[in-house]
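Only one structure is covered here, and it is reproduced in the block below.
Residue numbers (this note's numbering): 2 to 574.
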């Protein structure tokens, strides 16, 4: 997409910055700042009261019994399901032969543990019997959902929820992981909050009733104010985003958003997007659009940039559960950026990049949740492959100035470069107060990249304390470590103290560059206050330890950073 012909050239010579000494145009991270909304309640499944396992009456008996084998019989059903029978067959007897009768309790408990680990809502119990031939009989009760009672108004999600309810009632045997997947997929529908609790029906053993609590939201508003920005493009930025749910389909999301520096001069960004499910398994098709006007504050220079990012994305969740997730996304991006130099009423062309990129991405996570909701352990990994294409009037490497007088943002940049990006995020809980977190980002490119494809360091990525875009690279390794302590103050607002250390190793492939093989580090700490689902306030002090550019005289000074994010939505829990 062309931005239009150049206006008349400036009548006198205008000094042009030489990248990367001066940030000529905003980076991708500055155009799409990662503003995370406050956390919202996820889908929950409570099966703790579905089937109760009574205490073992034999645990204190002095009698002895001979046990050589175990036979499992159904209670309330005609047969034990093959999947459950297979698990029970794998439960080894702790002791064979003559043993205290209390050993029956250990056998029962081992069988229940095996079923619980496999996710089944079931119970193994000890029926009255005489063990005379060495064969112990244990009764197996397996949950069967006979009824689901819905509480709350589903709104436009009614049809989709009816299908989910039918799928839940068809589960036989009932496995908590299958329930989680069905409800998580339903909960992934924008604007929908679902909680399910199972309880005994009071009829046939194993029959349970599901109480399904639903909260459907029609819209949500997110807002953020922060001072993470650079001197050139404005320190303080305000961001607002409005989402509407169920507008055209029962599973769609439409959003419009915008951000601006507080003086409305350096940068204004407009965003819009739409996504909807294509099937019941959560396959999602979406489109997004970003347009930005930038005018950095530079000595003796009046540079003005316009940036456009448009994308189409198709994603599918292959694994969806509370503990494990795996999703694959593919898509196409059209990225364009144009910069002109102004002098009085006239201007002349400087840089123009036109990128056409296809990408494929895989994201996976594992977690070990605590009963209270926090994680004992969490790990997320992502891998993305990107390839520039020579289609739709894309820029070409080494082509010099185009017909309108524009050159590429990087003289050696390759619009058709191949890029690999990777990321890791981990968190380890050390108890109710302390936790450790780690973040890693990496990028590798086969050739020098243009501005929008380079990895930019700074407050919006890794390298807190450095201005966003103060340095960038074609290849990078970026690490962050955090130590966190949740302060036990007994307040409705959760307050966490944290300290961090960031380190970045950057490499550029441009000829004659001085910004390669460098390491940049920073450290700091602060506090974070969170009112779940409503507000997050973070205040940090960040101190860079190295020069942002090799030509700088000294490292940047320390900065006090703040970010306030809030959310409003009707009917939110």
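All C-beta atoms, glycine included, are put in the ideal place defined by N, C-alpha and C. Treat the numbers as computed from the prediction; the structure is a model and nothing was measured.
In terms of Cβ geometry, residue 216 and residue 153 form a close pair [threshold 8 Å]. Relative to the Cα of residue 208, the nearest Cα in the group 243, 214, 175 belongs to 175. Cβ neighbours of residue 276 within its own chain (closer than 7 Å, five residues either side excluded): 253, 254, 285, 286, 287.
DSSP lists 294, 339 as the beta-bridge partner residues of residue 307. Straight across, the Cα-Cα distance linking residue 406 with residue 302 is about 19 Å. Straight across, the Cα-Cα distance linking residue 133 with residue 67 is about 8 Å. DSSP, read as helix, strand or coil, puts residue 157 in helix. Within the same chain, and ignoring the five residues on either side of residue 522 in sequence, the residues whose Cβ sits closer than 8 Å to its Cβ are 502, 503, 504, 505, 545, 546, 547. Just measuring C-alpha positions, the residue of 462, 389, 122, 560 sitting nearest residue 145 is 122. Boundaries of the beta strand (DSSP E) around residue 523: 519-532. According to DSSP, residue pairing for residue 313 in a beta bridge involves 288, 333. Burial check for residue 391: the Cβ neighbour count within 10 Å stays below 16, so the residue is exposed. Beta-bridge annotation (DSSP): residue 212 is paired with 150, 198. Under the rule that a run must span 3 or more residues, the beta strand (DSSP E) segments found entirely inside the region 247-282 read 254-262, 268-278. Beta-bridge partners of residue 165 (DSSP): none assigned.
Beta-bridge annotation (DSSP): residue 412 is not paired with any residue. For the pair residue 549 and residue 559, the CB atoms are not nearer than the 8 Å cut-off.
The DSSP assignment places complete beta strand (DSSP E) segments of no fewer than 3 residues inside the region 59-147 at 65-68, 70-75, 98-101, 123-126, 136-143, in order along the chain. In its chain, beyond the 5 residues on either side, 388, 447 have a beta carbon closer than 6 Å to the beta carbon of residue 419.
The beta carbon of residue 142 lies closer than 7 Å to those of 52, 76, 77, 123, 124, 126, 206, 207 in the same chain, with the five residues before and after it left out. Cβ-Cβ separation between residue 179 and residue 172: approximately 5 Å, consistent with a contact (criterion under 8 Å).
Between residue 562 and residue 228, the C-beta gap is smaller than 8 Å, which places the two residues in contact. Residue 486 is positioned such that its CB atom lies no closer than 8 Å to that of residue 455. In the three-state reduction of the DSSP assignment, residue 452 falls in the helix class, which pools H, G and I. Boundaries of the alpha helix (DSSP H) harbouring residue 187: 177-188, taken from the DSSP string.
Only buried fits residue 449, as 16 or more other CB atoms lie within 10 angstroms of its CB. Contact between the region 396-410 and the region 419-430 is absent, with fewer than three C-beta pairs closer than 8 Å. Inclusion of residue 102 and residue 137 in the CB contact set at 8 Å is not warranted, their separation being larger than that value. Contact holds between the region 310-317 and the region 326-338, because three or more Cβ pairs, one in each stretch, are under 8 Å apart.
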